[in-house]
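Worksheet for the structure shown next.
Residue numbers (my numbering): 21 to 427.
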């Protein structure tokens, strides 16, 4: 039976970063990808522009579902492999990376595909072999090695590996092959997974009084999220009203702070005019009411989108003294999200308490994890892809050190 040093399961961002890091050190491995192409989800990131990282990288930008999770592996990884490391990594591949005014880092080509192409090209004719259309159906320990069973175009095959790295992603965006089924590989080897939730996703809300707003976009709205009485985030972003609730950049970013595990009421508060304070707004509305003859339901027209103006007037039952407050605190009760099919990221996964500081399993020696399969998710803005990079580099260095007998 064929025996290899390292099996990398999953050809997404984490798998590609890991494979490239090993190739750079002439460490042989085989990368198994169930799809026809490597890095399909990476090629779509940042609306196709490639938001790969963020200059505001910090531990505070990440979440773990497991409340008492040991964050040491995460903190160590992003400290050791920060934005300078990632920039140098891509520079070595011929890709120039720069940050925008919000700190989001992109290739200067503004094409996510240029990231994927550079990684794929580096693997060509390297010591890392790529096997596409190979679906891992079984993973078990066989003595000191791992026995992998996989389906390929030629039928079922088996292979032995000294070490295995699970880079299979999570459950979000199954159109890229991440349908959550790969968690079973870890579970068969004694690992667990936390509850899983979609993150960076459109939100469903009660729609009784916003049905007429479908398709309206509010640029640069203030967005706050509440779990019960507790405010969990405050940001500025675009909001788009839909037939199910709300979407847009601001909503995606806020969704990272809202999980389905919470039993308390979940509220999204929208500030339609974040650059105008409530007192000044109330004064302007009152002065307009006195000098401009118009129905109460049209008093806010010229201040905010006409349809939104009418919805607010209806909410306030025509009481003009309430208009400014409603403009600054338009509350929507969240009822759910569009789910994993529309989410960019999975919240939850294999707990960090089950891996050591180099993302090696505490249960099975020689088994490693990188990327979204772990219980780590980040805010919107490149933080999730940076974790894929940092965790993959951490694992790569661990494998290289072992090969060299340094651990």
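Quick reminder that beta carbons are idealized off the backbone N, C-alpha and C, glycines included.
Assigned exposure category for residue i - 16 Cβ within 10 Å defines buried
| i | result |
| --- | --- |
| residue 118 | exposed |
| residue 108 | exposed |
| residue 399 | buried |
| residue 148 | buried |
| residue 291 | buried |
| residue 178 | exposed |
| residue 53 | buried |
| residue 421 | exposed |
| residue 295 | exposed |
| residue 47 | buried |
| residue 239 | exposed |
| residue 17 | Missing from the structure shown is residue 17; the chain here goes from 21 to 427 and no further. |
| residue 145 | exposed |
| residue 191 | buried |
| residue 173 | exposed |
| residue 228 | exposed |
Neighbourhood of residue i by C-beta distance below 6 Å, restricted to the same chain and skipping five residues each side
| i | result |
| --- | --- |
| residue 40 | 139 and 142 |
| residue 221 | 275, 357, 358, 362 and 363 |
| residue 34 | 187, 390, 391, 408 and 412 |
| residue 278 | 245 and 286 |
| residue 73 | 103, 106, 125, 402 and 406 |
| residue 267 | 222 and 260 |
| residue 160 | 167 |
| residue 169 | 157, 158 and 178 |
Per-residue DSSP class, three states only, for residue i
| i | result |
| --- | --- |
| residue 256 | strand |
| residue 129 | coil |
| residue 178 | strand |
| residue 51 | strand |
| residue 118 | strand |
| residue 428 | No answer is possible for residue 428: it lies beyond the span of the chain, which begins at 21 and ends at 427. |
| residue 415 | helix |
| residue 113 | coil |
| residue 382 | coil |
| residue 23 | strand |
| residue 309 | helix |
| residue 57 | coil |
| residue 421 | helix |
| residue 409 | helix |
| residue 72 | coil |
| residue 290 | strand |
| residue 391 | helix |
| residue 78 | coil |
| residue 201 | coil |
| residue 398 | strand |
| residue 301 | helix |
| residue 320 | coil |
Residues of its chain near residue i, where Cβ-Cβ distance is below 8 Å and the 5 sequence neighbours each way are ignored
| i | result |
| --- | --- |
| residue 418 | 378, 379, 380, 388 and 427 |
| residue 243 | 253, 254, 255, 256, 257, 259, 270, 271, 273, 274, 288, 289, 290 and 291 |
| residue 231 | 263 |
| residue 90 | 372 and 373 |
Own chain, CB closer than 7 Å to residue i, minus 5 neighbours either side, in chain order
| i | result |
| --- | --- |
| residue 248 | 284 and 285 |
| residue 340 | 305, 309, 316 and 319 |
| residue 325 | 236 |
| residue 96 | 377 |
| residue 297 | none |
| residue 321 | 329 |
Contact test: residue i Cβ vs the ligand GTP heavy atom, cutoff 6 Å
| i | result |
| --- | --- |
| residue 263 | This structure lacks the ligand GTP, and indeed carries no ligand of any kind. |
Open item on the list: Quick test of the definition: if touching needs 3 or more C-beta pairs under 8 Å, does the stretch 368 to 385 touch the stretch 334 to 350?
Closed with: no
Task: Inter-stretch contact at 8 Å, needing at least 3 Cβ pairs: the stretch 111 to 125 / the stretch 56 to 64 - done: no
Task: Minimum length 3: unbroken beta strand (DSSP E) runs contained in the stretch 324 to 378 - done: 350 to 357 and 365 to 367
Task: alpha helix (DSSP H) runs contained entirely in the stretch 204 to 282, provided each spans 4 or more residues - done: Listed in chain order, the complete alpha helix (DSSP H) runs (minimum 4 residues) inside the stretch 204 to 282 are 269 to 275.
TODO: Let me know the alpha helix (DSSP H) ranges lying completely inside the stretch 132 to 168, each 4 residues or longer, listed in chain order.
DONE: 132 to 143
Open item on the list: Taking 8 Å as the cut-off, does the stretch 24 to 33 touch the stretch 194 to 207 (at least 3 CB pairs, one atom from each stretch)?
Closed with: yes
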